[in-house]
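**Student:** In the working numbering, the protein residues as written are 7 to 236.
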């Protein structure tokens, strides 16, 4: 976690952040609870080591008219902005600590370099998704398997930002909102047009996520067709 970096870790992180090509902007919606204080410190240290390539905005309650829409009154919540100042369809709920900090750094680098980790075939499937899809990944900072699932979900959202949203929730955070009873992570929930169609616990490949999304989309399309014909 960034707040506990020794000198060697700081040098390693600084070298990773040197991969940023275009400056990336992160908005953090915070309150006065410890999790928000931790997020502010993590982002300040990371921005300092990024040497101008990471722009951080720390926003308190009521500090922005979009706050309620973007956070649904959860705090802390992070959003990354795209090259044209648009909010990317990736919501990070809770502090990016432990293994999740590495996932955040990877996301920042990918956004900066306009890079996507999806295999070419999966990316082609995802870009063709015609319905609204939400990928929710529930994680803990101590789970070494969570970042892999997070990266797949975020890559899907970046491949089709008009249709797919990824939400990452740290269930140990005070902002988890009903997820704190979950015993096993990572957990992936996939919803199509607001209806949960499948869930998966544990690591999962990009190909399998792509297949689950397409299966959910086909099922939703079939339901709409049946309703229309009836």
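All C-beta atoms, glycine included, are put in the ideal place defined by N, C-alpha and C.
Do three or more CB pairs link the region 27-46 to the region 129-136 at distances below 8 Å?
**Tutor:** No: fewer than three Cβ pairs fall under 8 Å.
**Student:** Would residue 191 pass as a contact of residue 146 if the rule is Cβ separation under 7 Å?
**Tutor:** Reading the chain shown from its first residue, position 185 is the one you call residue 191. Reading the chain shown from its first residue, position 140 is the one you call residue 146. A contact, by the Cβ cut-off of 7 Å.
**Student:** Is residue 206 helix, strand or coil by DSSP?
**Tutor:** Walking along the chain shown from the start, residue 206 turns up at place 200. Strand.
**Student:** In the DSSP assignment, the beta strand (DSSP E) including residue 47 goes from what residue to what residue?
**Tutor:** Locating residue 47 in the chain shown gives position 41, counting from the first residue. That residue, residue 47, is in no beta strand (DSSP E); its alpha helix (DSSP H) goes 40-56.
**Student:** I think residue 65 touches residue 34, with their Cβ atoms under 8 Å apart; what is that distance to the nearest whole Å?
**Tutor:** As a working note, residue 65 is residue 59 in the chain shown. As a working note, residue 34 is residue 28 in the chain shown. Confirmed, Cβ separation roughly 7 Å.
**Student:** For a test of the three-state rule: what should DSSP assign to residue 153, helix, strand or coil?
**Tutor:** Within the chain shown, numbered from 1, the residue matching residue 153 stands at position 147. It is helical.
**Student:** Compute the distance between the beta-carbons of residue 208 and residue 128, then report whether it is under 7 Å.
**Tutor:** One-based indexing of the chain shown puts residue 208 at position 202. One-based indexing of the chain shown puts residue 128 at position 122. Taking 7 Å as the Cβ cut-off, residue 208 and residue 128 do not qualify as a contacting pair.
**Student:** For residue 158, which of 174, 148, 45, 168 has the nearest alpha-carbon?
**Tutor:** The sequence position of residue 158 within the chain shown is 152, counting from 1. The residue with the shortest Cα to Cα distance from residue 158 is 174.
**Student:** Ignoring anything shorter than 3 residues, give me the beta strand (DSSP E) runs that lie fully in the region 113-149, in order along the chain.
**Tutor:** Within the region 113-149, the complete beta strand (DSSP E) runs of at least 3 residues are 139-145.
**Student:** In chain order, what residues of the same chain lie with their CB nearer than 8 Å to the CB of residue 58, ignoring the 5 residues before and after it?
**Tutor:** Sequence index remark: in the chain shown, residue 58 carries index 52 (1-based). Excluding sequence neighbours, residue 58 sits near 29.
**Student:** Between which two residues does the beta strand (DSSP E) holding residue 197 run?
**Tutor:** Taking the first residue of the chain shown as 1, we reach residue 197 at position 191. Note, residue 197: beta strand (DSSP E), 193-198.
**Student:** Which stretch, first to last residue, makes up the alpha helix (DSSP H) that contains residue 13?
**Tutor:** Start at 1 with the first residue of the chain shown, and residue 13 comes out as number 7. Per DSSP, residue 13 belongs to the alpha helix (DSSP H) from 13-23.
**Student:** Any contact between the region 150-168 and the region 90-97? By contact I mean 3 or more CB pairs, one from each, below 8 Å.
**Tutor:** Yes: at least three Cβ pairs fall under 8 Å.
**Student:** Out of curiosity, what's the CA-to-CA distance linking residue 22 and residue 102?
**Tutor:** Locating residue 22 in the chain shown gives position 16, counting from the first residue. Locating residue 102 in the chain shown gives position 96, counting from the first residue. In a straight line, the C-alpha of residue 22 is about 16 Å away from that of residue 102.
**Student:** Do you know whose CA, among 211, 198, 229, 210, lies nearest residue 220's CA?
**Tutor:** The count along the chain shown starts at 1 and reaches residue 220 at position 214. When only C-alpha atoms are compared, the closest one is 198.
**Student:** So residue 144 packs on residue 106, CB below 8 Å; how close in whole Å?
**Tutor:** Within the chain shown, numbered from 1, the residue matching residue 144 stands at position 138. Within the chain shown, numbered from 1, the residue matching residue 106 stands at position 100. Contact flag wrong, Cβ pair sits at about 11 Å.
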